[in-house]
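Novice:
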Ligand SMILES: Nc1ncnc2c1ncn2[C@@H]1O[C@H](COP(=O)(O)OP(=O)(O)O)[C@@H](O)[C@H]1O
Ligand SMILES: [Mg+2]
């Protein structure tokens, strides 16, 4: 037998040569240092290029060193790990810097006064004013859109998953797909054409209708996925108890899926809360408080940000106000997301022993 | 309470595929009837025709007659929902409702079908859990989620849920195949007790189990894959296991099958 020949290349025990735990960190720090040195020496001053060079050095260094010390298989494993880390950092860095920039610039004028007052007659170049009207507008428009889109969307999804067979279901699915792809400005134009046709003016409600068009397919899709995740066995268990189908859906299927459905709805709300284009077309913007969404122009947070920034020339009071409003909008969306997670966790089927 | 089932000339289809062909048999009240046979011969399909669950499957269709005492389950104007209240079912895999507590699981059939007074419901839940031999194990955790129980406990919870609505017939599709031997024994004992009150039909892949729990045994077989399953014979369990009248039955039971 030539077992010795086969075993030739293997180490005598299962324990191979291993790089120490701190190796990736040290190599990462080293790559950054080398990259910074290299760039300063050659006069490259773009931070993005610094980062990219450091990332390439890190991946290459991992491969070469691990290949030497640990062998090819370990080196491949490490290179996959380091690629994942690099991709993760590339994704996180812009996000973190975006939040950083918004917080840094937004907190300058963000205070109780800013949240509870509106622009009124404050000129764009003057300090003062606030986003009260914009907050009211966003809450009302998004609220109305949610009130319309959620029942229709959830019922459509229930139809598709629980009842839909044949051509009607296929047609509905197709139209939901098409609706998912409608650009927000087109939804705005569509409602605008209706306004012109019936000779109506700007209103928060018109904006809400456009937001509804954008929100509905998202709600249908996410609800559909969540309903499909409910095991068929639960439906059958309920049928076998002599429970009619509609009650089964109401009392067994929906409660089982409610956590996921709520999360989907919250994400859809978060998405439309930042829509600017249709609001610009249909709500128009208004420096004064208008609590009535059904008549007259309103404001909204994304619209406010756009208008303030446009009139700011990159500095001054309006510029600060735009960032403060942006921070408010991010906080609003963040709170919704946290609420969605909370509800999902609270409502998720309980498996604890 | 318990009722007689009388099946005649029953065919069941999935779309155009005929899964079972021309089945006729009688199931006596207050007895346990076991269905045995190789996989795919249509035992589950046949069982599900007995409470009109077959038609829940897309494309599912049934021809023939199933008499529950003197009512045809497939007669004109019969509401499948009320059929299922008369004929309960326990599935292969325990499937308690994950959003509900132990108590709510047992009460589900009643609550979902109408409103009950709290006190009356408490009584029924306790009675059903005792009937399923589960009361002592769960009486301190009635408000804990039902899915937190062990597999065997979950299956007994499902049995309690099924008997809480007081059906006339209880169908069980391989109720022990996902369970350990101890839980299996617990459920077999339970079946022995339940047959005092219900007509029980049980599908099983376990010959010893069929021999232990059933009064009558039906053997199903299919000629080949893609062919419909058929009832080969039904007889007293003792006879089936000692001296069946069909050779195929003996082959299957003694393991000389296939
Ligand atoms: N949902 C279904 N759709 C189509 N065919 C099915 C379905 N369920 C079962 N069948 C077919 O019906 C036949 C009988 O299946 P089943 O009743 O599950 O057998 P058993 O329970 O005896 O193992 C098999 O050929 C199976 O492939
Ligand atoms: Mg089966």
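Chains as they are written, first to last, in the working numbering: chain R, 1 to 353; chain W, 354 to 611. For every residue, glycine included, the Cβ atom is placed at its ideal position computed from N, Cα and C.
Of the choices R:333, R:136 and R:127, whose alpha-carbon is the least far from that of residue 263 (chain R)?
Specialist: Mapped onto the first chain, residue 263 (chain R) falls at position 263. Measuring from the Cα of residue 263 (chain R), the nearest candidate turns out to be R:333.
Novice: Beta carbon of residue 396 (chain W): closer than 8 Å to some heavy atom of ligand 1?
Specialist: Numbered from its first residue, the second chain carries residue 396 (chain W) at position 43. Set against 8 Å, the gap from the CB of residue 396 (chain W) to the closest heavy atom of ligand 1 is smaller.
Novice: Name, going along the chain, the residues of the segment 112-142 of chain R whose beta-carbon falls closer than 9 Å to a beta-carbon of chain W.
Specialist: none
Novice: Here's a check: name, in chain order, each residue in its chain whose Cβ is nearer than 7 Å to the Cβ of residue 302 (chain R), leaving out the five neighbours to either side.
Specialist: Numbered from 1 along the first chain, position 302 holds the residue referred to as residue 302 (chain R). These residues qualify, in order along the chain: 274, 275, 276, 279 and 329.
Novice: What does the alpha-carbon distance come out to for the pair residue 150 (chain R) and residue 291 (chain R)?
Specialist: As a first step, residue 150 (chain R) must be located in the first chain, where it is residue number 150. As a first step, residue 291 (chain R) must be located in the first chain, where it is residue number 291. Each residue's alpha carbon lies about 23 Å from the other.
Novice: Exposed or buried, what is residue 487 (chain W) when buried is set at 16 or more other beta-carbons lying within 10 Å of its beta-carbon?
Specialist: Counting from 1 along the second chain, the entry for residue 487 (chain W) is found at position 134. Here residue 487 (chain W) is buried. Its C-beta has 16 or more other C-beta atoms within 10 Å.
Novice: Beta carbon of residue 317 (chain R), beta carbon of residue 304 (chain R): below 9 Å?
Specialist: One-based indexing of the first chain puts residue 317 (chain R) at position 317. One-based indexing of the first chain puts residue 304 (chain R) at position 304. No, they are not a contact pair.
Novice: Measure the CB-CB distance between residue 564 (chain W) and residue 238 (chain R) and report whether it falls below 9 Å.
Specialist: In the second chain, residue 564 (chain W) corresponds to position 211, counting from 1. In the first chain, residue 238 (chain R) corresponds to position 238, counting from 1. No, they are not a contact pair.
Novice: Does at least one heavy atom of ligand 1 sit under 8 Å from the Cβ of residue 239 (chain R)?
Specialist: The residue you call residue 239 (chain R) lines up with position 239 of the first chain. Residue 239 (chain R) Cβ: outside cutoff for every heavy atom of ligand 1.
Novice: Pairing CB atoms from the segment 357-369 of chain W with CB atoms from the segment 411-428 of chain W, are three or more of them under 8 Å?
Specialist: yes
Novice: State whether the segment 150-166 of chain R contacts the segment 223-239 of chain R, with contact taken as three or more CB pairs (one from each stretch) at a distance under 8 Å.
Specialist: Output reads yes: the segment 223-239 of chain R touches the segment 150-166 of chain R.
Novice: Determine the extent of the alpha helix (DSSP H) in which residue 97 (chain R) is found, giving its start and end residues.
Specialist: Counted from its first residue, the first chain places residue 97 (chain R) at position 97. Judged by DSSP secondary structure, residue 97 (chain R) falls within the alpha helix (DSSP H) whose first and last residues are 72-106.
Novice: State the Cα-Cα distance for the pair residue 609 (chain W) and residue 601 (chain W), rounded to the nearest angstrom.
Specialist: For the purposes of this step, residue 609 (chain W) is taken as the residue at position 256 of the second chain. For the purposes of this step, residue 601 (chain W) is taken as the residue at position 248 of the second chain. Rounded to whole angstroms, residue 609 (chain W) to residue 601 (chain W) spans 9 Å at the Cα level.
Novice: Could you tell me whether the segment 426-445 of chain W touches the segment 235-252 of chain R, using the rule of 3 or more Cβ pairs below 8 Å?
Specialist: In short, these stretches touch, since the Cβ pair count reaches three.
Novice: Between the segment 403-417 of chain W and chain R, which residues of the former have a C-beta closer than 8 Å to a C-beta of the latter?
Specialist: 404, 406, 409 and 411
Novice: What residue does the alpha helix (DSSP H) around residue 481 (chain W) start on, and which one ends it?
Specialist: Within the second chain, numbered from 1, the residue matching residue 481 (chain W) stands at position 128. Where residue 481 (chain W) is concerned, the enclosing alpha helix (DSSP H) stretches over 471-484.
Novice: Examine chain R for any beta-carbon lying closer than 9 Å to the beta-carbon of residue 388 (chain W), and answer yes or no.
Specialist: The residue given as residue 388 (chain W) occupies position 35 in the second chain. With 9 Å as the cut-off, residue 388 (chain W) does not count as an interface residue toward chain R.
Novice: Which chain R residues sit within Cβ distance under 8 Å of residue 398 (chain W)?
Specialist: Here the question's residue 398 (chain W) lines up with position 45 in the second chain. Within chain R, no residue comes near residue 398 (chain W); the closest Cβ sits about 14 Å away, beyond 8 Å.
Novice: So is residue 4 (chain R) buried or exposed if we call it buried at 16+ other beta carbons inside 10 Å?
Specialist: For this step, residue 4 (chain R) is matched to residue 4 along the first chain. Because the pLDDT at residue 4 (chain R) is just 49, under 50, the model does not fix this residue reliably, and the point stays unresolved.
Novice: Between the alpha carbons of residue 592 (chain W) and residue 607 (chain W), how many angstroms are there, rounded?
Specialist: Against the second chain, residue 592 (chain W) aligns to sequence position 239. Against the second chain, residue 607 (chain W) aligns to sequence position 254. Taking the straight line from one Cα to the other gives about 14 Å.
Novice: Could you say if the segment 166-175 of chain R and the segment 257-271 of chain R meet the contact criterion of at least three C-beta pairs nearer than 8 Å?
Specialist: no
Novice: If you run the structure through DSSP and keep just helix, strand and coil, what is residue 427 (chain W)?
Specialist: Sequence index remark: in the second chain, residue 427 (chain W) carries index 74 (1-based). Looking at residue 427 (chain W) - three-state DSSP - the assignment turns out to be coil, as it is neither helix nor strand.
Novice: If the cut-off is 7 Å on Cβ atoms, which residues from the segment 437-456 of chain W count as contacting chain R, listed in chain order?
Specialist: Taking 7 Å as the Cβ-Cβ cut-off against chain R, the residues of the segment 437-456 of chain W that qualify are 437, 438, 441, 442, 444, 446, 448, 450, 451 and 452.
Novice: So, are the CB atoms of residue 327 (chain R) and residue 102 (chain R) less than 9 Å apart?
Specialist: What you label residue 327 (chain R) is simply residue 327 of the first chain in a count that begins at 1. What you label residue 102 (chain R) is simply residue 102 of the first chain in a count that begins at 1. Closer than 9 Å, so yes.
Novice: By a C-beta neighbour count over all protein chains shown, 10 Å radius and 16 as the cutoff for buried, is residue 411 (chain W) buried or exposed?
Specialist: Indexing the second chain from 1 puts residue 411 (chain W) at position 58. Exposed.
Novice: Buried or exposed: which applies to residue 1 (chain R), given that a residue is buried once 16 or more other Cβ atoms fall within 10 Å of its Cβ?
Specialist: Here residue 1 (chain R) refers to the residue found at position 1 when the first chain is read from its first residue. Only weak support exists for where residue 1 (chain R) lies, its pLDDT of 46 falling under 50; the value from the coordinates is given anyway. Result: exposed.
Novice: Where does residue 355 (chain W) land, buried or exposed, given buried means 16+ other C-beta within 10 angstroms?
Specialist: Within the second chain, numbered from 1, the residue matching residue 355 (chain W) stands at position 2. That one is buried.
Novice: Would residue 220 (chain R) and residue 146 (chain R) qualify as a contact pair, given that the criterion is a beta-carbon distance under 9 Å?
Specialist: Indexing the first chain from 1 puts residue 220 (chain R) at position 220. Indexing the first chain from 1 puts residue 146 (chain R) at position 146. By the CB criterion at 9 Å, residue 220 (chain R) and residue 146 (chain R) fall outside the cutoff.
Novice: Which parts of the segment 373-427 of chain W are runs of the beta strand (DSSP E), unbroken and 3 residues or longer, counting only runs that do not cross its ends?
Specialist: 385-389 and 413-421
Novice: Check whether the Cβ of residue 521 (chain W) lies closer than 9 Å to any Cβ atom in chain R.
Specialist: Along the second chain, read from residue 1 onward, the residue named residue 521 (chain W) stands at position 168. Look at residue 521 (chain W): its C-beta is not under 9 Å from any C-beta on chain R.
Novice: Once you ignore the five residues that flank residue 611 (chain W) on each side, which residues in its own chain have a CB closer than 6 Å to its CB?
Specialist: Residue 611 (chain W) sits at position 258 when you count from the first residue of the second chain. For residue 611 (chain W), the predicted structure reports a pLDDT of 47, less than 50, and the residue's modelled location is therefore unreliable. The matter cannot be settled from this model.
Novice: At the level of alpha carbons, what is the spacing between residue 353 (chain R) and residue 501 (chain W)?
Specialist: Within the first chain, numbered from 1, the residue matching residue 353 (chain R) stands at position 353. Within the second chain, numbered from 1, the residue matching residue 501 (chain W) stands at position 148. With a pLDDT of 40 at residue 353 (chain R), under the threshold of 50, the modelled position of this residue cannot be trusted, and the question is left open.
Novice: Please state the DSSP three-state secondary structure of residue 492 (chain W).
Specialist: The residue labelled residue 492 (chain W) in the question sits at position 139 within the second chain. In this structure, residue 492 (chain W) counts as coil in the three-state DSSP scheme.
Novice: Listed in chain order, which residues of the segment 507-518 of chain W have Cβ atoms closer than 8 Å to some Cβ of chain R?
Specialist: 511, 514, 515 and 518
Novice: Can you list the residues of chain W that residue 233 (chain R) reaches, using a CB-CB cut of under 8 Å?
Specialist: Counting from one through the first chain, the residue named residue 233 (chain R) turns up at place 233. Here the neighbours are 444, 446 and 448.
Novice: By how many angstroms is the C-alpha of residue 503 (chain W) removed from the C-alpha of residue 532 (chain W)?
Specialist: Against the second chain, residue 532 (chain W) aligns to sequence position 179. Against the second chain, residue 503 (chain W) aligns to sequence position 150. Whole-angstrom Cα-Cα distance: 10 Å.
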